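Report on the following structure.
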Amino acid sequence: MQLSREQLLDAYTRMRTIRAFEEKLEELVKAGKLGGFLHLYAGEEAVAVGVCSQLGNADIVTSTHRGHGHCIAKGVDVKGMMAELFGRATGVCKGKGGSMHIADVDCGMLGANGIVGAGIPLTTGAALTAKLKKTENVAVCFFGDGATNQGQFHESLNMASNWKLPAVYVVENNGFGEFTPTEYVVPVKDIAERARSYAMRSDIADGMDFFDVYERAGEAIERARRGEGPTLLECKTYRFMGHFVGDPLVYRPKEEAEDWIQNRDPLQIFEAKVAEAGLVEESDLREIDGAVTRLLEEAIAEAEAAPLPDLSSILADVYAE
Amino acid sequence: MSRKLSTGRAINEALRIAMETDPDVILLGEDVVGGGTLEGDDLEEMGGVVGTTKGLVKQFGRDRVLDTPISEMGLLGTAVGAAATGLRPVAELMFMDFLGVSLDPLLNQAAKLRYMFGGKVRIPLTVRTLCGAGMQAAAQHSQSLYWITAGIPGLKTVIPSNPADAKGLLLAAIRDDNPVVFCEPKLVLNQVGEVPEGDYEVPIGVANLAREGGDVSLVGFGGTVPIALRAADLLAAEGIQADVLDLRSLAPLDEEAILTTLEKTGSLVVVDESTPRCGIASDVAALCVDRGFDFLNTPVRRVTAPHAPVPFSAVLEKAYLPSAERVAATVRELG
Ligand SMILES: Cc1ncc(C[n+]2csc(CCOP(=O)(O)OP(=O)(O)O)c2C)c(N)n1
Chain A
604 MQLSREQLLD AYTRMRTIRA FEEKLEELVK AGKLGGFLHL YAGEEAVAVG VCSQLGNADI
664 VTSTHRGHGH CIAKGVDVKG MMAELFGRAT GVCKGKGGSM HIADVDCGML GANGIVGAGI
724 PLTTGAALTA KLKKTENVAV CFFGDGATNQ GQFHESLNMA SNWKLPAVYV VENNGFGEFT
784 PTEYVVPVKD IAERARSYAM RSDIADGMDF FDVYERAGEA IERARRGEGP TLLECKTYRF
844 MGHFVGDPLV YRPKEEAEDW IQNRDPLQIF EAKVAEAGLV EESDLREIDG AVTRLLEEAI
904 AEAEAAPLPD LSSILADVYA E
Chain B
2 MSRKLSTGRA INEALRIAME TDPDVILLGE DVVGGGTLEG DDLEEMGGVV GTTKGLVKQF
62 GRDRVLDTPI SEMGLLGTAV GAAATGLRPV AELMFMDFLG VSLDPLLNQA AKLRYMFGGK
122 VRIPLTVRTL CGAGMQAAAQ HSQSLYWITA GIPGLKTVIP SNPADAKGLL LAAIRDDNPV
182 VFCEPKLVLN QVGEVPEGDY EVPIGVANLA REGGDVSLVG FGGTVPIALR AADLLAAEGI
242 QADVLDLRSL APLDEEAILT TLEKTGSLVV VDESTPRCGI ASDVAALCVD RGFDFLNTPV
302 RRVTAPHAPV PFSAVLEKAY LPSAERVAAT VRELG
């Protein structure tokens, strides 16, 4: 696997943007400037970016309640996202969706989803479209370990495997579903094992390592494009922040979280790897950090200044005209 | 004796009393324990997404307070099976919107087994569920879908408007031998009020006249009761005295209480935070023209949300929900 300097800088920009976006949101909620239920993706950046950097606009992704990272990785406009979270008319969903339903189908992003597991069959359907219309597009679904206990997961995998659909099911195993540790509710050691019941290929990636995700996801995506059917790709990861903003985090050991945050940060791992290989300069990365900070400051200022939705818009878009 | 508690705490107290008085009562749902440990270390459990079940696992143990996987269809079906065979489960469906992924166990199993089996089985099941808007939780976490459950023969549906009723209604629901859907409206979850100590029940199917007026009847339930009460205050300042009737139970519906207030005032406005079609407000309006036609001096009016999903933006959500101002304005229009 050879990534160009440009691709590496692009991947880093996306990961840094996700991290900075989530850190800003946490600040904004705590300052009382943002409302709603926000689930932040910090810590899991390598998964979204490792997968999405290999997708085009016409490839579809579906996401979860923790969807900002997938949006940014798939190329959704960060300013439009920020405006959405501020409930503005200029938001990517015109203020109707908010964090849990953030989406932009123009970028092939078929939505965050407030219903755990519900994105999985949507991906199956998108893959069916690709297959029947012979587009060579793929559909990728991101979901949590907890979502693999939903019927929709099992029903989808069965159909996708049977129909050899061009889909990749990416499970982000971050060790918890809300507050409940995964091992309380999932009897298999690796979620990837669940593919066996559906005669589906599976793989396990280190979800903190962009390069490992990139490589394994790349193989799955290429298989799907070649018409060789779907894959269940488990990425082992960790969420650095609470389940939602405001989560007191009483239920998980502080040392465990500290260990992941200090020693397994996907951004640091990325930086160390590219530095070691001499692929990019540290100054390149710092420049990106600065640009990301400025982008977010602008995004927030513009969102705050943007108009609120007109009340008449409540009834708009309930049905297609 | 009573003291002030939030609705959430009142519900917690009802669960504790129900579990203390009946060993067959169990709780199951997603994160009803919510982390913590099986044994040993000092991690704390969350007790549900809004902390309603916190503390119960310490008293009753993990055999009676069960964290389920995120499998609503499975957990409700399991609860129905357990109820049919000797337990008295209280299942939690975290948000009522999740009926979308779990309806069959309620619709085709809990509601129908007894009837289909010639009365030979009882389903003493309670399903607690958060409903309604007001937290900017947007389209998939803000719906008031009690019109679905209230319309299914075999199920009961109740919805408290204050902490004291929440405690008494939940105890009645748990002890009822039928499946009861217990709605927990977000608009009243954090409301604080006097709650009697000890064990008491609020009977299912009995509405409560929350305020006596005489000029007009305002009918509400759950989160729209505080709205109707504020509207009554606004109207009182203009010399219009309103009855405020709190339905408390949507199925069965206390038709006599609705007709009684209508007979007294001749004018009725029903306030529902759900969407307008096929709903409770329409049901109440139909009752008024069907059985109460001779009492009516004015048209029956419904104040509801619009026929649209719940929007995210705070300004839109506020405009979406019924308000005291809209209720008062509707009454003024009646003349
Ligand atoms: C159908 C449904 N059930 C429950 C919930 C509440 N809920 C939101 S996130 C979540 C945990 C999801 O865990 P997981 O799938 O592992 O994703 P993670 O949050 O860890 O990213 C739950 C139970 C929901 N939104 N939808």
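Which chain is which? The protein sequence lines are A and B, in order. If you count the first sequence from 1, position 185 lands on 788 in my numbering, and the numbers rise without skipping. If you count the second sequence from 1, position 207 lands on 208 in my numbering, and the numbers rise without skipping. Glycine is no exception: its CB is placed at the ideal position from the N, C-alpha and C atoms. Being a predicted model, the structure only gives us computed values, none of them experimental.
Can you list, in chain order, the residues of its chain whose CB lies under 6 Å from that of residue i, leaving out five sequence neighbours each side?
{"i": "ASP806/A", "result": "ARG819 and LEU836"}
{"i": "VAL181/B", "result": "THR127, LYS157 and ALA174"}
{"i": "LEU631/A", "result": "LEU637"}
{"i": "TYR817/A", "result": "GLY653"}
Could you check where the alpha helix (DSSP H) with residue i kicks off and where it finishes?
{"i": "ARG622/A", "result": "608-633"}
{"i": "ASP815/A", "result": "813-828"}
{"i": "TYR321/B", "result": "315-321"}
{"i": "ILE12/B", "result": "8-22"}
{"i": "THR665/A", "result": "Run containing THR665/A: none in the alpha helix (DSSP H); it sits in the beta strand (DSSP E), 663-665."}
{"i": "GLU884/A", "result": "No alpha helix (DSSP H) holds GLU884/A; DSSP gives it neither H nor E."}
{"i": "ALA238/B", "result": "Taken as a continuous stretch (DSSP letters only), ALA238/B belongs to no alpha helix (DSSP H), as it is neither H nor E."}
{"i": "ARG327/B", "result": "325-335"}
Give me the Cβ distance between residue i and residue j, rounded to the nearest whole Å; I'm assuming they're in contact under 8 Å.
{"i": "ALA634/A", "j": "THR896/A", "result": "17 Å between Cβ atoms; not a contact."}
{"i": "ALA83/B", "j": "HIS704/A", "result": "Going by Cβ atoms, the distance from ALA83/B to HIS704/A rounds to 34 Å, so no, they are not a contact pair."}
{"i": "THR726/A", "j": "CYS744/A", "result": "3 Å"}
{"i": "ASN698/A", "j": "ALA706/A", "result": "The sequence shown places Gly at residue 698/A, not Asn. 13 Å between Cβ atoms; not a contact."}
{"i": "PRO197/B", "j": "ALA165/B", "result": "6 Å"}
{"i": "GLY714/A", "j": "SER666/A", "result": "7 Å"}
{"i": "ASN752/A", "j": "VAL788/A", "result": "6 Å"}
{"i": "ALA309/B", "j": "ILE917/A", "result": "5 Å"}
Assuming residue i is part of the beta strand (DSSP E), what are its boundary residues?
{"i": "CYS674/A", "result": "No beta strand (DSSP E) contains CYS674/A, which is instead part of the alpha helix (DSSP H) from 671-677."}
{"i": "LEU185/B", "result": "Just to set this straight, residue 185/B is Glu in the shown sequence, not Leu. Start and end: 181-186."}
{"i": "MET95/B", "result": "89-96"}
{"i": "GLU128/B", "result": "Residue identity check: residue 128/B is Val in the sequence provided, not Glu. First-last of the beta strand (DSSP E) with VAL128/B: 127-132."}
{"i": "ALA742/A", "result": "742-747"}
{"i": "THR834/A", "result": "834-839"}
{"i": "LYS157/B", "result": "157-159"}
{"i": "VAL245/B", "result": "243-247"}
{"i": "LEU28/B", "result": "26-30"}
{"i": "ILE807/A", "result": "804-809"}
Sorted by chain position, which residues of the same chain lie with C-beta nearer than 8 Å to residue i's C-beta, five sequence neighbours on each side aside?
{"i": "LEU263/B", "result": "SER218, LEU269, CYS289, GLY293, PHE296 and LEU297"}
{"i": "ALA146/B", "result": "Correcting the residue type first, residue 146/B is Leu in the shown sequence and not Ala. These residues qualify, in order along the chain: MET97, ASP98, LEU100, CYS132 and SER275."}
Does residue i come out as helix, strand or coil in the three-state DSSP assignment?
{"i": "THR727/A", "result": "helix"}
{"i": "GLY194/B", "result": "strand"}
{"i": "CYS279/B", "result": "coil"}
{"i": "SER72/B", "result": "coil"}
{"i": "SER656/A", "result": "coil"}
{"i": "ALA798/A", "result": "helix"}
{"i": "THR266/B", "result": "helix"}
{"i": "GLU46/B", "result": "strand"}
{"i": "PRO106/B", "result": "helix"}
{"i": "LEU100/B", "result": "helix"}
{"i": "VAL272/B", "result": "strand"}
{"i": "ASN776/A", "result": "strand"}
{"i": "GLU786/A", "result": "helix"}
{"i": "ARG212/B", "result": "strand"}
{"i": "GLY338/B", "result": "Past the edges of chain B, shown from 2 to 336, lies residue 338/B, and the structure says nothing about it."}
{"i": "ASP709/A", "result": "helix"}
{"i": "VAL66/B", "result": "strand"}
{"i": "ARG292/B", "result": "helix"}
{"i": "ARG691/A", "result": "coil"}
{"i": "LEU57/B", "result": "helix"}
{"i": "ALA770/A", "result": "strand"}
{"i": "THR221/B", "result": "Before going further, note that residue 221/B is Gly rather than Thr in the sequence given. If DSSP states are grouped into helix, strand and coil, GLY221/B belongs with the strands."}
Spatial neighbours of residue i within its chain, please: CB distance less than 7 Å, with the 5 preceding and 5 following residues excluded, ordered by chain position.
{"i": "ALA85/B", "result": "LEU114, VAL122 and ILE124"}
{"i": "ALA902/A", "result": "VAL681, LYS682 and MET685"}
{"i": "GLU73/B", "result": "LEU94, PHE99, VAL102 and SER103"}
{"i": "ARG828/A", "result": "GLU739, VAL741 and PRO769"}
{"i": "PHE118/B", "result": "none"}
{"i": "GLU45/B", "result": "GLY37"}
{"i": "THR150/B", "result": "LEU107, LEU156, THR158 and VAL182"}
{"i": "ARG619/A", "result": "LEU870, ILE891, ASP892 and VAL895"}
{"i": "GLY206/B", "result": "SER250, PRO253 and ASP255"}
{"i": "VAL311/B", "result": "ALA134, ALA139, ALA140, SER143, GLN144, GLU318 and TYR321"}
{"i": "ASP809/A", "result": "ASP815 and LYS839"}
For ligand 3, any of its heavy atoms closer than 7 Å to the Cβ of residue i?
{"i": "ASP105/B", "result": "Although ligand 3 was asked about, the structure shown includes only ligand 1 as ligands."}
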